[in-house]
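**Q** Numbering (the working numbering), first residue to last: 156 to 469.
1) Hey, could you find the ends of the alpha helix (DSSP H) residue 377 is sitting in?
2) Opposite residue 341 in the DSSP bridges: which residues?
3) Between 343, 256, 250, 372, which lies nearest to residue 262 when the distance is taken from Cα to Cα?
4) Please say whether residue 289 and residue 408 have beta carbons closer to each other than 8 Å?
5) Report the CB separation of residue 221 from residue 381 in whole angstroms; it is logged as a contact under 8 Å.
6) Pull the bridge partners of residue 265 from the DSSP assignment, please.
7) Based on Cα-Cα distance, which residue from 223, 237, 420, 188 lies nearest to residue 316?
8) Rounded to a whole number of angstroms, what is the C-alpha to C-alpha distance between residue 431 and residue 413?
9) Can you give me the Cβ contacts of residue 280 inside the same chain, cut-off strictly under 7 Å, excluding the 5 residues immediately before and after it?
10) So, for residue 378: in the same chain, excluding its five sequence neighbours on each side, which residues have a beta-carbon less than 6 Å away from its beta-carbon?
11) Report yes if the CB atom of residue 235 is closer than 8 Å to the CB atom of residue 192, and no otherwise.
12) Where do the N-terminal and C-terminal ends of the beta strand (DSSP E) with residue 157 fall, by residue?
13) Measure the C-alpha to C-alpha separation of residue 276 and residue 338 and round it to an integer number of angstroms.
14) Looking at the secondary structure, which residues open and close the beta strand (DSSP E) in which residue 236 lies?
15) Buried or exposed, going by whether 16 or more other CB atoms sit within 10 Å of the CB of residue 159?
16) Looking at C-alpha atoms only, which residue of 410, 419, 418 is the closest neighbour of residue 197?
17) Can you tell me where the beta strand (DSSP E) with residue 324 in it begins and where it stops?
18) Helix, strand or coil for residue 418 per DSSP?
19) Between residue 227 and residue 313, what straight-line distance do the alpha-carbon atoms span, to the nearest angstrom?
Here you go:
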């Protein structure tokens, strides 16, 4: 096996709650209030829809907010990988990945393992360059039992909710997480930070119409059926664990450019184009973080900040 190449689950397509659009000569991320299943083929107009997208929409009045899924692995951290990640916005190369204690960083001396204080305490991460970044692999449909769709996010709400759900479902199902009939569900909430407008995040629930007892019985029966035909879930989980560990970074450079464009745009692009559906901690009033801080401090001192950033008394 080639060292340095992360072996990840086969990907059939993407699950997104937004897209990248072109406006005023710039390509900017735009969030949505529904899911979209796409293929892995991207054109100037965006990612081409996957055939499953149309069939799922037909059952939900053309507003896709629930996706029936199963998980590939019993271990939550194999289905959902979440880390602090920093990409070079100019080259789209991954530079540093950490968990808040240790990080793997690409340096002039090669790959190094260093302490990771998290984005707030790291000098390299200043300016919003480093943020939580998660990838969730799920099985959609019955065509390929080992092929997955990938959902990527940098949203705290989605990451925290997905991590909790996976841990809880593993516990209550007696470690048969990969057999549970589940679904991805889009949820909305509003916060003081969003000024009362909704932001959307992703959750994992039982399939619609199923209660917990029914889902657990379904999972136990599926686990028994798999065992009888020789399906080895423990070996599958171990193969995935070794594959992820084989590379320094999960993202390959051929995929990184699209990831940076959608999830790591410059703050100016986000702040001037953020919609009500953008799950972010950045301000929504069109000001960059530095300008916002400057304006608040100036206001407390009785100083007016002009549009150009200069100061005037008054």
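Backbone N, C-alpha and C fix where the C-beta goes; we use that ideal spot for every residue, glycine too.
**A** According to the data block:
1) Numbered from its first residue, the chain shown carries residue 377 at position 222. Run containing residue 377: 367-383, per the alpha helix (DSSP H) assignment.
2) Residue numbering aside, residue 341 sits at position 186 when the chain shown is read from its first letter. BP columns for residue 341 point to 357.
3) Residue 262 sits at position 107 when you count from the first residue of the chain shown. Of the candidates 343, 256, 250, 372, the one whose C-alpha sits nearest the C-alpha of residue 262 is 250.
4) Reading the chain shown from its first residue, position 253 is the one you call residue 408. Reading the chain shown from its first residue, position 134 is the one you call residue 289. Their beta carbons are not under 8 Å apart, which means residue 408 does not touch residue 289 by this criterion.
5) Taking the first residue of the chain shown as position 1, residue 221 is located at position 66. Taking the first residue of the chain shown as position 1, residue 381 is located at position 226. Not really, about 25 Å apart at Cβ, beyond 8 Å.
6) For this step, residue 265 is matched to residue 110 along the chain shown. In the DSSP output, where bridge partners are listed per residue, residue 265 has 262.
7) Against the chain shown, residue 316 aligns to sequence position 161. Measuring from the Cα of residue 316, the nearest candidate turns out to be 237.
8) Here residue 431 refers to the residue found at position 276 of the chain shown. Here residue 413 refers to the residue found at position 258 of the chain shown. Residue placement at residue 431 cannot be trusted, given a pLDDT of 34 that sits under 50; what the coordinates show is reported in the next sentence. About 22 Å.
9) As a position in the chain shown, residue 280 is number 125, starting the count at 1. Contacts found: 241, 274.
10) One-based indexing of the chain shown puts residue 378 at position 223. Cβ within range, chain order: 331, 334.
11) Here residue 235 refers to the residue found at position 80 of the chain shown. Here residue 192 refers to the residue found at position 37 of the chain shown. No, they are not a contact pair.
12) By one-based count along the chain shown, residue 157 stands at place 2. Judged by DSSP secondary structure, residue 157 falls outside any beta strand (DSSP E); it is assigned neither H nor E.
13) One-based indexing of the chain shown puts residue 276 at position 121. One-based indexing of the chain shown puts residue 338 at position 183. Computed Cα separation, rounded: 37 Å.
14) Position 81 of the chain shown holds residue 236. Residues 235-242.
15) In the chain shown, residue 159 corresponds to position 4, counting from 1. Residue 159 comes out exposed.
16) Taking the chain shown and counting its residues from 1, the one referred to as residue 197 is at position 42. Ranking 410, 419, 418 by CA distance to the CA of residue 197 puts 410 first.
17) Position 169 of the chain shown, counted from the start, is the residue given in the question as residue 324. Run containing residue 324: none in the beta strand (DSSP E); it sits in the alpha helix (DSSP H), 311-327.
18) Within the chain shown, residue 418 is the residue found at index 263, counting from 1. The answer is helix: DSSP assigns residue 418 an H, G or I state.
19) On the chain shown, residue 227 is found 72 positions in, with the first residue counted as 1. On the chain shown, residue 313 is found 158 positions in, with the first residue counted as 1. Between the C-alpha atoms of residue 227 and residue 313 there is a straight-line separation of about 19 Å.
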